[in-house]
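**Q**
Residue numbers (the working numbering): 4 to 548.
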């Protein structure tokens with residue numbers, strides 16, 4: 004079997020059985036079962052966990068805290084995915100957490116899920132069956148393009164600027180935006196200059212400078228005459244709702260989900276203020292409602308201390324959902340653990356935890372800083388051993404790490420990883436209107452999610468290669484009529500050749516050499532303008548990605 008079955012781990016670390024699906028491999032679970040006949044981990048367990056491939060990479064998963072006084076209350080992925088071993092756990096006495104009163108808990112009337120015999124679906128791994136442009140079109144396809152064409156033309160007409168924007172022009176416009184993410188210039192007009200150091204012939208042949216400026220100045224995805232005055236984001240609400248729907252539709256089904264906040268760079272002024280009701284828990288509850296509406300499973304949510312509270316864990320337990328997250332000290336419902344100043348006096352790797360009758364566990368761990376984590380699904384033991392550099396000893400030392408923190412790191416950081424990928428090749432053009440950065444962020448996010456599907460399908464392209472393939476496929480396939488297309492050799496990297504869109508075989512006026520077999524032929528591909536026999540047509544347009 005490929006997935007671990009639900010495992011019941013009972014010991015002195017928790018008062019009741021805790022069920023979980025991941026975090027330990029099946030072989031590790033079987034070894035623990037064999038050595039733990041009495042539901043107590045008393046025998047020594049020695050297991051080696053190899054380091055992940057990305058353990059040395061830089062991950063920007065800072066926690067949400069006071070920006071003026073940075074305080075690391077959780078660990079970055081590069082730190083938590085280090086080399087680890089499992090040792091015999093230290094047994095401590097259970098002490099109940101002082102939970103808030105019923106009036107302080109979240110009062111939400113939601114039906115309780117039935118946990119019996121519910122199996123989490125296996126990750127959907129499929130072979131590489133879709134081209135790059137097909138994956139990108141899942142999120143930024145004809146339906147989204149038509150949305151922009153319709154409302155942009157409506158806005159231009161209202162301003163007496165009647166110069167009809169076509170669908171092909173809008174596609175080229177967005178492709179040029181994506182190109183600006185990896186080929187940055189100080190001013191956008193420099194892409195069309197005659198100077199050899201900035202001129203981009205692909206951009207020039209696809210869309211004129213004035214036409215690009217016209218589309219940019221009239222870009223809209225809403226009807227300005229019919230806006231919801233109570234919604235300050237009404238200008239982009241249609242696009243946000245559409246993208247959320249598409250992302251949910253094509254997202255692979257998995258048990259573990261990471262929830263985190265993301266920031267969109269904006270350098271202008273706007274009257275919107277940041278308001279998060281209930282200090283974050285409402286975001287988690289709304290998210291779980293959405294994923295449960297797609298398919299109900301005992302999902303496991305991982306979040307940072309911006310969202311985590313003890314009442315939230317209790318509510319998630321009532322819904323038979325799992326949650327693990329770092330938590331701020333003032334949100335632990337007066338859990339009787341040593342405060343931060345006292346904890347810093349302990350030796351590095353010191354662990355203290357408390358649990359209650361609902362199997363809610365709050366653990367503190369002394370690492371580079373004091374880390375506090377709460378979970379309703381993961382135990383503290385078995386602990387793992389991780390390497391840390393000691394300034395005092397001038398060498399790396401082994402430090403004990405709680406199991407729930409180890410697992411938290413394994414599945415937390417997806418949003419931060421997406422933010423990092425987008426920031427490396429973010430659209431480089433700016434607009435004066437406040438909603439332009441949000442539209443551009445949706446486009447960058449569509450590329451990021453399409454690339455993730457490409458990787459799920461065992462695709463080999465990295466992020467910049469994937470983005471470049473999208474740009475070249477669109478711009479090469481939508482050249483302006485006056486632009487002369489040079490005769491391309493078979494080895495030329497013509498990306499539109501493999502986009503699987505609108506390739507038709509037609510007759511040509513005179514015989515030329517076939518691109519595949521080099522024999523004379525009177526037919527060609529209309530889009531590629533390449534001479535081809537009928538039998539050579541398919542091999543010419545198929546490439547293993």
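Beta carbons are placed, not taken as given, at the ideal position from N, Cα and C, and that holds for glycine.
1) At what residues does the alpha helix (DSSP H) containing residue 375 begin and finish?
2) Taking contact to mean at least 3 C-beta pairs separated by less than 8 Å, is the region 296-303 in contact with the region 447-466?
3) Counting only runs that start and end within the region 193-228, where is the alpha helix (DSSP H) found for 4 or more residues in a row?
4) How would you write the range of the alpha helix (DSSP H) that residue 508 sits in, first residue to last?
5) Among 234, 220, 238 and 232, which has the Cα closest to the Cα of residue 226?
6) Roughly how many whole angstroms lie between the Cα atoms of residue 254 and residue 240?
7) Hey, out of 158, 479 and 151, whose CA is closest to residue 228's CA?
8) Does the separation of the CB atoms of residue 417 and residue 261 fall below 8 Å?
9) With 16 other CB atoms within 10 Å as the buried threshold, where does residue 577 fall?
10) What does the alpha-carbon distance come out to for the pair residue 425 and residue 190?
11) Of all the options 531, 345 and 527, which has the alpha carbon lying nearest to the alpha carbon of residue 538?
12) So residue 473 and residue 450 are in contact, right, with Cβ under 8 Å, and what is the actual spacing, rounded?
13) Which word fits residue 3, buried or exposed, when buried means at least 16 other C-beta atoms lie within 10 angstroms of its C-beta?
14) Hey, how far is the Cα of residue 337 from the Cα of residue 460?
15) If we ignore side chains and look at the alpha-carbon of each, how far apart do residue 470 and residue 170 end up?
16) So, at 6 Å on beta carbons, what are the nonlocal neighbours of residue 476 in its own chain, with the 5 sequence-adjacent residues on each side left out?
17) What would DSSP say about residue 60, mapped onto helix, strand or coil?
18) If you count every other CB in all the chains shown that lies within 10 Å of the CB of residue 44, and 16 or more means buried, which is it?
19) Could you give the DSSP three-state label for residue 539: helix, strand or coil?
20) Can you tell which of 372, 196, 138 and 315 has its C-alpha closest to the C-alpha of residue 352?
21) If you count every other CB in all the chains shown that lies within 10 Å of the CB of residue 247, and 16 or more means buried, which is it?
22) Quick check on DSSP: helix, strand or coil for residue 434?
23) How would you label residue 334, buried or exposed, when you count the other beta carbons within 10 angstroms and need 16 or more for buried?
24) For residue 265, is the classification buried or exposed, using 16 other Cβ atoms within 10 angstroms of its Cβ as the cut-off for buried?
25) According to DSSP, is residue 325 helix, strand or coil?
26) Under 8 Å Cβ to Cβ from residue 535, same chain only, skipping five residues before and after it: list those, please.
27) Quick one: Cα of residue 374 to Cα of residue 182, how far?
28) Since residue 355 is in the beta strand (DSSP E), which residue starts that stretch and which ends it?
29) With DSSP collapsed to three states, give me the class of residue 401.
30) With a CB to CB cut of under 8 Å and the five nearest residues on each side skipped, what residues in its chain are close to residue 105?
31) Assuming residue 387 is part of the beta strand (DSSP E), what are its boundary residues?
32) By Cβ distance, which residues of its chain are closer than 6 Å to residue 249, with the 5 residues on each side in sequence left out?
33) Quick check: what's the CA-CA separation for residue 320 versus residue 393?
34) Return the first residue and the last residue of the alpha helix (DSSP H) that residue 294 is part of.
35) Mark residue 540 as exposed unless 16 or more other C-beta atoms lie within 10 angstroms of its C-beta, in which case mark it buried.
36) Report the three-state DSSP secondary structure of residue 530 (helix, strand or coil).
**A** Short version:
1) Not the alpha helix (DSSP H): residue 375 falls in the beta strand (DSSP E), residues 373-378.
2) no
3) Segments of the alpha helix (DSSP H) lying fully in the region 193-228: 204-209 and 212-221.
4) Taken as a continuous stretch (DSSP letters only), residue 508 belongs to no alpha helix (DSSP H), being part of the beta strand (DSSP E) at 508-516.
5) 238
6) 21 Å
7) 158
8) yes
9) In the structure as shown, the chain begins at 4 and stops at 548. Residue 577 is therefore absent and cannot be evaluated.
10) 21 Å
11) Ranking the options by Cα distance to residue 538, first place goes to 527.
12) 7 Å
13) There is simply no residue 3 to check, as the chain begins at 4 and stops at 548 in what is shown.
14) 47 Å
15) 20 Å
16) 136, 498, 499 and 502
17) With a pLDDT of only 39 at residue 60, under the threshold of 50, the placement of this residue in the model should not be trusted; the figure read from the coordinates follows. Residue 60: coil per DSSP, three-state reduction.
18) Confidence at residue 44 is low in this model, with a pLDDT of 39, below 50, so the placement of that residue should be treated as unreliable; the coordinate-derived value is given next. Around the beta carbon of residue 44, a 10 Å sphere encloses 16 or more other beta carbons of the protein chains shown; the residue is thus reported as buried.
19) helix
20) The candidate whose alpha carbon is nearest that of residue 352 is 372.
21) exposed
22) coil
23) buried
24) exposed
25) strand
26) 508, 517, 518, 519, 524, 526, 527, 528 and 543
27) 41 Å
28) 354-358
29) Residue 401 falls in the strand class under three-state DSSP.
30) Residue confidence is low: residue 105 scores 36 on pLDDT, short of 50, so the model does not pin down where it sits. Its coordinate-derived value is still stated next. If we look at residue 105 and ignore the five residues flanking it on each side, it has no Cβ neighbours.
31) 387-393
32) 142
33) 39 Å
34) 284-297
35) buried
36) coil
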